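Student: The opening residue of the sequence shown carries number 643 in this note's numbering; numbering runs sequentially from there. Ideal Cβ positions, reconstructed from N, Cα and C, are used throughout, including at glycine. Owing to the predicted nature of the structure, the values given are computational and were not obtained by experimental measurement. This is the structure I have questions about; it appears just below.
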Amino acid sequence: MLESPTFIENSDCYDGSRIFTWLADMVGLSVDLVNFLICQVSALFLASLFRSFLHPSKVSCEVRHAFGLSLGLTFGYFCFGQQAIHIAGLPLICYIVIRTQDPRIVQRSVMLVAMGYLLCVHLMRQFYDYGSYALDITGPLMIITQKVTSLAFSIHDGFVRQDEDLTKAQQYHAIRKMPSALEYFSYVWHFQSIMAGPLVFYKDYIEFVEGYNLLKRPASNANLDNGKSELVLEPSPTKTVIRKVLGSMVCAFIFMKFVKIYPVKNMKDDDFINGTSIPYKFWYAMMATTCIRFKYYHAWLLADAICNNSGLGFTGYDKDGNAKWDLISNINVLSFEFASNMRDAINNWNCGTNRWLRTLVYERVPKKYGTLLTFALSAVWHGFYPGYYLTFATGAVMVTAARFARRMFRHRFQSTQVTRMFYDILTCITTRIVMGYATFPFVLLEFMGSIKLYLRFYLCLHLISLVTIFILPKFIRGEPRSQRSSRNSAGTDVKANNCDGKITANANADQPLALANTNDLNAEEEEEGEDSKLAKRNDTMPQQQQQPQQTLQYNLQQSQSQHNDKLQPRPQQPQSPKLARQQQAIITCARDAITVPHDQCEMDQLSSKLKEKIEAETKNIEEFIDKTVTETVSGIVEFKNDLMRDIEFPKLKLAAGTVSSGAANLVDAAAAGLRKRNISSTVHDSNSNNTGTATTDHAPEENSGAFLKKEIDVINAVVQQANVLPAVLSNGHAK
């Protein structure tokens, strides 16, 4: 009925390199998209080299900083040409402000300068390239603005405010040492996220560059005089990177395939507005906005894979012992697409911006102004296109109405499993329709075109939302507070048991809107009590995963009779209750500040079942990756003694050839590098874990020989049964 417009539009305003114009013509894409893909694919491979050859154990952090920022500037100039001057100008001005202004006002000064600069560029773009979707400098500038403002607020928290006045997230991100010029510009320009994000907080980035993001451990395990050494297993991101790259490719294919079938620009044509029925308009809006979203999925998943491939993004291990790489993930595709309400959908969209808004605005302003100011910053940060503001306003109304509707109707469908499933299906479908209705102005951009289409919809969902908010509560009573509290108490216990050691994230996991969520979350908690708090907790984190700054530390236990073929985690030493509470508070703080939830054990049943189906379908692919990639690439365990914080640790070096001239090189290296034993003195402890039945009657030489012989036997058994030969136990990087 409607002829789709030409998909490829080469903008004359694009100022980037045109070297690959021939490739763009060959593949049928615009040259700006080809340049973007070339940069991202190059960054993906360079990230692997960065993790391997520029590992913290091999080069200094200054080299890593210089390499990252140099590549970032190169990519910026390649994609944006002379416009790249803005990539350098904005952070340079902000750095001068940071170094010259009083820490008591530095956060406001940087916010004013950065947002003012960004808004000027937004206005310039609307003048010379209105409504264009060509690659533009405003994208990287939006990410840089998030970085410099979050850094300024962290400096203010670390230098001015007291810990008791900070939230847990603010305590975690507080900076008490002024960044050097190299650290600052490396953080702003590093190649992993300069093109499409995601947002990385300064503290996380610096610890990644210095090598402490994977190798932190409790002080109780740092005692090197207890006769034990530690084997640190650094997880490989290969499997996660491949999964995210494949997901990115699938999203790109879906976008390219369906964007021509449902072009957004058709929605402002008179033929569409006047010649189609209301149900078809709803269907078209839902499909068109869904197709556009897959473009963002592609960019964000690929950017996340680049960060992970360089070693950035590790947060811990799940209950099955698998490494989690979701520290800076920007999107949870399945959780967004299968969400049963607007709040859950928004919390899984543009998660980095959600964290930024929450940390900078929502947690710092008076409660009664939190929603309004969060909404204002989110809207202005996107630019001045009228469609953005129509989407924000509509989304605010929809989310508020959904909250009232949930309170009035949800408990009426919880009596049986059939009614619960019906409620889940109904709310999931409704959410998809509402998302299309609320977000098409965001991609249409124009004010009059969006208003005309809303009028052809007869503002039906707006009217339904207003009725739900102001009229229905007078006639329909919500769930009684006492019944809600008792149900929540029982639900909490059940969820704690069903999650196998997972605990729910606290209220700080509620992300402020990056798109349309402008309802006051705290007010909702007061009105709905514990039900709202439980509903808004969109993740249950494994306790082991809650320690993103701790590494999995292993030691070879000589005296184990049943498990002498495995690497066992070192047991934690007993701690006082006060110390345990303090450490738990720090761990929770870190998780609240940086996590992006994935495993939602309290999701609605429909969403969980759909995700399980999809995961079951991809099981064969994961097994293939395990067999062909993991065993050959990431199956090497290595001792990282030079990355440990303890100063005396690098001093513990034993000659690899001093054990036995007839032993294999692997056994020599293992006996020399993985164990630290005091073999120069007689062992007096008859209960020692290392020598077993050593007595004071043996000479030092005999004691050492017996111990080393037994050590060699244990290591041989471990190596053979773990099937990790040939293993590299040198002081390098685990491939």
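Quick check: the Cα distance between D657 and V1085, rounded to an integer number of angstroms?
Tutor: Spanning the two alpha carbons is a distance of roughly 23 Å.
Student: Starting from T1069, trace the alpha helix (DSSP H) both ways and give me its first and last residue.
Tutor: 1059-1086
Student: Alpha carbon to alpha carbon, how far is G994 from Y844?
Tutor: Answer to the nearest angstrom: the Cα atoms are 13 Å apart.
Student: Quick one: Cα of I661 to Cα of F1099, how far?
Tutor: Distance between the alpha carbons of I661 and F1099: 46 Å.
Student: Hey, A685 and I948: beta-carbon distance below 8 Å or not?
Tutor: yes
Student: Can you pull the DSSP bridge partners for G731?
Tutor: According to DSSP, G731 bridges with nothing at all.
Student: Using a Cβ-Cβ cutoff of less than 7 Å, which residues in the same chain neighbour T1073 once the five nearest sequence positions on both sides are dropped?
Tutor: A981, S982, N983, M984, A987
Student: Less than 8 Å between the beta carbons of I786 and V763, yes or no?
Tutor: no
Student: Specify, as a first and last residue, the run of the alpha helix (DSSP H) that F1046 falls within.
Tutor: F1046 -> alpha helix (DSSP H) spans 1028-1051.
Student: Would G958 and H832 be called neighbours here (beta carbons separated by less than 8 Å)?
Tutor: no
Student: Go ahead and label F956 buried or exposed: buried means 16 or more other beta carbons lie within 10 angstroms of its beta carbon, across all protein chains shown.
Tutor: buried
Student: Put C655 into one of helix, strand or coil per three-state DSSP.
Tutor: coil
Student: Select from T1001, G1037, L760 the residue whose C-alpha is nearest the C-alpha of I727.
Tutor: L760
Student: Between the Cα of A1018 and those of M757, D912, S702, L696, spot the shortest distance and give me the residue it belongs to.
Tutor: Considering only alpha carbons, the answer is M757.
Student: Assign Y854 to one of three DSSP states: helix, strand, or coil.
Tutor: coil
Student: In or out: I920 buried (at least 16 other Cβ within 10 Å) or exposed?
Tutor: exposed
Student: Where does Y772 fall in DSSP's three states?
Tutor: Secondary structure of Y772 (DSSP, three-state): coil.
Student: Quick check on this structure: which residue in A1043, I1071, G773, P1083 has the alpha carbon closest to the alpha carbon of L1105?
Tutor: A1043
Student: Could you have a look at K966 and say whether DSSP puts it in helix, strand or coil?
Tutor: strand
Student: Which of the three DSSP states, helix, strand or coil, is assigned to G994?
Tutor: helix
Student: Would you check if the distance between the CB atom of F795 and the CB atom of R818 is smaller than 8 Å?
Tutor: Contact check for F795 against R818 fails: the beta carbons are separated by 8 Å or more.
Student: Applying the 10 Å Cβ sphere with the 16-neighbour rule, what's the burial state of M668?
Tutor: Counting other Cβ atoms within 10 Å of its Cβ, M668 stays below 16 and is therefore classed as exposed.
Student: Does the stretch 886-905 come close enough to the stretch 927-941 to have 3 or more Cβ pairs within less than 8 Å?
Tutor: yes
Student: Along the chain, where does the alpha helix (DSSP H) that runs through H815 open and close?
Tutor: 810-815
Student: What's the C-alpha gap between K595 and S690?
Tutor: Residue 595 cannot be examined here, being either before or after the span of the chain that is shown, 643 to 1377.
Student: Going by DSSP, what residue range makes up the alpha helix (DSSP H) through L715?
Tutor: 703-722
Student: When you compare the stretch 818-827 with the stretch 768-775, are there three or more beta-carbon pairs, one atom per stretch, that lie closer than 8 Å?
Tutor: no
Student: What would DSSP say about Y904, mapped onto helix, strand or coil?
Tutor: coil
Student: What's the call for L765, buried or exposed, on a 16-neighbour Cβ count within 10 Å?
Tutor: Burial call: exposed.
Student: Could you tell me which of V906, V851, V1109, K789 sits nearest to M753, measuring between CA atoms?
Tutor: K789
Student: Quick one: give me the first and last residue of the alpha helix (DSSP H) that K910 is part of.
Tutor: If you look at K910, you'll find it isn't in any alpha helix (DSSP H); DSSP assigns it neither H nor E.
Student: Who are the near neighbours of V883 in its chain, counting only those whose CB is closer than 6 Å to its CB and skipping five residues on each side?
Tutor: A947, N950, N951
Student: Using beta-carbon positions only, say whether I729 and P782 come within less than 8 Å of one another.
Tutor: Cβ atoms of I729 and P782: closer than 8 Å.
Student: Thinking C-beta only, is P1083 closer than 8 Å to G1037?
Tutor: With contacts defined by Cβ atoms closer than 8 Å, G1037 and P1083 do not form a contacting pair.
Student: Compute the beta-carbon to beta-carbon distance between E852 and C703, rounded to the nearest angstrom, for a pair I have assumed lies under 8 Å.
Tutor: 5 Å
Student: So, Y1079 versus F924, is the Cβ gap smaller than 8 Å?
Tutor: yes
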